[in-house]
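Written out below as structure tokens is the structure these notes cover.
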Amino acid sequence: MADGAAPGNRQPSVLSTANGTPQVNIQTPNRDGVSHNHYRQFDVDRKGAILNNSAIHTQTQLSGMITANPWLAKGEAKIILNEVNSANASQLNGFIEVAGRRADVIIANPAGITCSGCGFINAGQTTMAAAQALLEQGRVAGFAVDKGQIAITGGGMNDAQSDYTRLIGRAVEVNAKLHAQDLTITTGHNITDAQGNVVRKREPEGDVPAFALDVAAVGGMYSDKIKLVGTEHGVGVRNAGIIGAQVGELSLSADGKLQNSGILTAAADLKVTLTDSVTNAGTISAGRDIQLKTAGDMDNRKQLLAGRHITSDSRALNNAMGAVVAAGVDQDGRLSRRGDLVLNAANAATLNGLQLAHDHVAVSAQAASDGDRRRRTDGGGAGRN
Numbered sequence: 001m002a003d004g005a006a007p008g009n010r011q012p013s014v015l016s017t018a019n020g021t022p023q024v025n026i027q028t029p030n031r032d033g034v035s036h037n038h039y040r041q042f043d044v045d046r047k048g049a050i051l052n053n054s055a056i057h058t059q060t061q062l063s064g065m066i067t068a069n070p071w072l073a074k075g076e077a078k079i080i081l082n083e084v085n086s087a088n089a090s091q092l093n094g095f096i097e098v099a100g101r102r103a104d105v106i107i108a109n110p111a112g113i114t115c116s117g118c119g120f121i122n123a124g125q126t127t128m129a130a131a132q133a134l135l136e137q138g139r140v141a142g143f144a145v146d147k148g149q150i151a152i153t154g155g156g157m158n159d160a161q162s163d164y165t166r167l168i169g170r171a172v173e174v175n176a177k178l179h180a181q182d183l184t185i186t187t188g189h190n191i192t193d194a195q196g197n198v199v200r201k202r203e204p205e206g207d208v209p210a211f212a213l214d215v216a217a218v219g220g221m222y223s224d225k226i227k228l229v230g231t232e233h234g235v236g237v238r239n240a241g242i243i244g245a246q247v248g249e250l251s252l253s254a255d256g257k258l259q260n261s262g263i264l265t266a267a268a269d270l271k272v273t274l275t276d277s278v279t280n281a282g283t284i285s286a287g288r289d290i291q292l293k294t295a296g297d298m299d300n301r302k303q304l305l306a307g308r309h310i311t312s313d314s315r316a317l318n319n320a321m322g323a324v325v326a327a328g329v330d331q332d333g334r335l336s337r338r339g340d341l342v343l344n345a346a347n348a349a350t351l352n353g354l355q356l357a358h359d360h361v362a363v364s365a366q367a368a369s370d371g372d373r374r375r376r377t378d379g380g381g382a383g384r385n
């Protein structure tokens with residue numbers, strides 16, 4: 001529903017296609033190719049919605065042939081900005097298709113966004129921001145996050161057709177499957193740039209979320225590459241599902257704890273940087289290197305597995321009885337690849353599990369409790385400082 005209080009050149013026209021799918025004739029883009037559209041509410045039902053970026057009649061996946069958009073006589077948009085002025089979160093329960101020329105799509109609703117069965121068709125880059133869009137001379141400069149949160153529920157989110165996917169909000173909950181190609185999630189009370197990079201942390205106000213990112217056991221994030229950033233002090237990450245970078249790197253940084261009872265995995269490198277502790281009761285694995293750096297304690301209760309090297313830096317380290325940390329592991333779980341295991345603890349290291357590497361195992365701590373039978377290399381040596 002267009003916002004009637006907005007300037008006329010920011011009010012899109014909303015029509016109904018032959019099969020009942022909403023057709024949004026987006027407004028005329030500016031000289032930078034930005035079509036700026038205001039809504040009182042932006043919801044999508046299971047039929048989906050079409051953002052009409054075509055100056056001629058064109059074919060769509062959601063509704064077949066649709067009529068031309070009269071606002072585009074001077075050219076199609078490169079970026080379609082959809083700003084929502086509402087006290088209610090947007091409910092996205094179907095696919096959003098860009099008709100005509102492929103364009104980047106931004107949905108910005110400071111009240112929040114809930115996705116259940118949502119996705120995008122013919123979009124280059126997609127951004128869902130539970131935030132206020134910031135513009136400079138007609139260009140999208142970034143986003144100001146206040147209280148808005150993003151939830152992926154029910155039917156999940158499928159954005160695997162888009163080149164880049166960005167979720168920006170105070171916090172993000174994932175209670176269903178999320179599919180993308182290159183996924184960035186930025187959480188916290190922030191000012192970000194248009195790509196979701198944090199420009200400035202804002203002073204905390206209002207209720208603080210329990211977690212910056214919370215992935216339920218039924219939830220999961222699957223993408224070629226994944227970058228997760230949480231900036232709110234003391235607000236960490238809880239994962240009981242699967243966070244998987246299926247081709248490239250998984251990077252996670254948060255100003256709080258990591259509680260993992262699910263699976264964190266990357267086909268390439270996996271990097272975790274935290275200001276508080278790590279508790280791993282699940283699996284953390286990488287096809288190449290794992291780098292864990294935390295100002296708090298590292299408590300491994302299950303398994304850390306890397307195809308090459310593992311480096312862990314923490315205040316204290318506990319590798320519990322029955323737990324495994326292994327470097328140089330192949331897909332069959334054998335120590336058949338070159339790999340070193342380096343464990344650094346500023347205080348004590350309690351090593352009651354297995355510490356394994358194909359080449360070298362090195363432990364540095366003020367005090368270490370272990371048994372030689374629990375530290376093994378297949379191609380090099382073991383040492384302790």
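Numbered per this note's numbering, the sequence shown spans residues 1 to 385. Beta carbons: idealized from backbone N, C-alpha and C, even for Gly. Predicted model, so just to flag it, every value in this text is computed and none were measured.
Check this for me: beta carbons of I50 and Q23, under 7 Å apart or not? yes
Residue range of the unbroken beta strand (DSSP E) whose run includes Q59: T58 to T60
Backbone secondary structure at R10 - three-state DSSP: helix
Taking R301 as the reference, which of M128, D214 and N318 has the closest Cα? N318
Inter-residue spacing [alpha-carbon to alpha-carbon] between G381 and A348: Note on G381: pLDDT 41, under 50, position unreliable in the model; the coordinate value appears next. Distance between the alpha carbons of G381 and A348: 22 Å.
For the pair the region 39-54 and the region 105-124, tell me if three or more CB-CB distances fall below 8 Å. yes
Close beta carbons around G112, own chain, < 6 Å, minus the five adjacent residues each side: If the five residues before and after G112 are omitted, its C-beta is found closer than 6 Å to the C-beta atoms of A89, A130, G148 and Q149, all from its own chain and listed in chain order.
Going by DSSP, which residues form a beta bridge with I310? I290 and L341
Which residues does DSSP pair with M321 in a beta bridge? According to DSSP, M321 bridges with nothing at all.
Sequence ranges, beta strand (DSSP E) only - wholly within the region 215-270, length at least 3: 220-223, 225-230, 236-239, 242-245, 250-254, 258-260 and 263-266
What would DSSP say about R384, mapped onto helix, strand or coil? Below a pLDDT of 50, predicted positions are generally treated as unreliable, and R384, at 44, falls in that range; no measurement from the model is reported.
What is the DSSP secondary structure of P209, reduced to helix, strand or coil? coil
Same chain only: Cβ atoms within 6 Å of G293, ignoring 5 sequence neighbours per side: Looking at the sequence shown, residue 293 is not Gly but Lys. These residues qualify, in order along the chain: T273 and D313.
Could you tell me which of R334, A326, L335 and S336 sits nearest to V342, measuring between CA atoms? A326
Sequence-distant residues of the same chain with beta carbon closer than 6 Å to T311, five excluded per side: Only Q291 and V342 meet the Cβ criterion.
Below 8 Å CB to CB, which residues in the same chain sit around S16 once its five sequence neighbours on both sides are set aside? For S16, where only same-chain residues beyond five positions count, the Cβ hits under 8 Å are P22 and Q23.
Under 7 Å, do N93 and R46 count as touching if we go by C-beta distance? yes
Looking at G256: is its Cβ nearer than 7 Å to the Cβ of G241? no
With a 10 Å radius around its C-beta and 16 neighbouring C-beta atoms as the bar for buried, classify D372 as buried or exposed. In this prediction, D372 has a pLDDT of 44, which is less than 50 and means its spatial position is unreliable; what the coordinates show is noted afterwards. Looking at its Cβ environment, which holds fewer than 16 other Cβ atoms inside 10 Å, D372 is exposed.
Residues sharing a beta bridge with F95, DSSP: Listed as beta-bridge partners of F95 by DSSP are G119.
Of the residues I80, A133 and L228, which one's Cα is nearest the Cα of E249? In this structure, L228 is the residue among I80, A133 and L228 with its C-alpha nearest to the C-alpha of E249.
In this structure, does DSSP put D372 in helix, strand or coil? Per-residue confidence for D372 stands at a pLDDT of 44, beneath the threshold of 50, marking its modelled position as unreliable; the derived number appears in the next sentence. The answer is helix: DSSP assigns D372 an H, G or I state.
Beta-carbon contacts of G154 that lie in its chain and below 7 Å, excluding the five residues immediately before and after: S116, G117 and A176
Leaving aside the five residues before and after S253 along the sequence, list all residues of the same chain whose C-beta is less than 6 Å from its C-beta, in chain order. V229 and T273
Inter-residue CB distance, V199 and G142 (contact presumed, cutoff 8 Å): 6 Å
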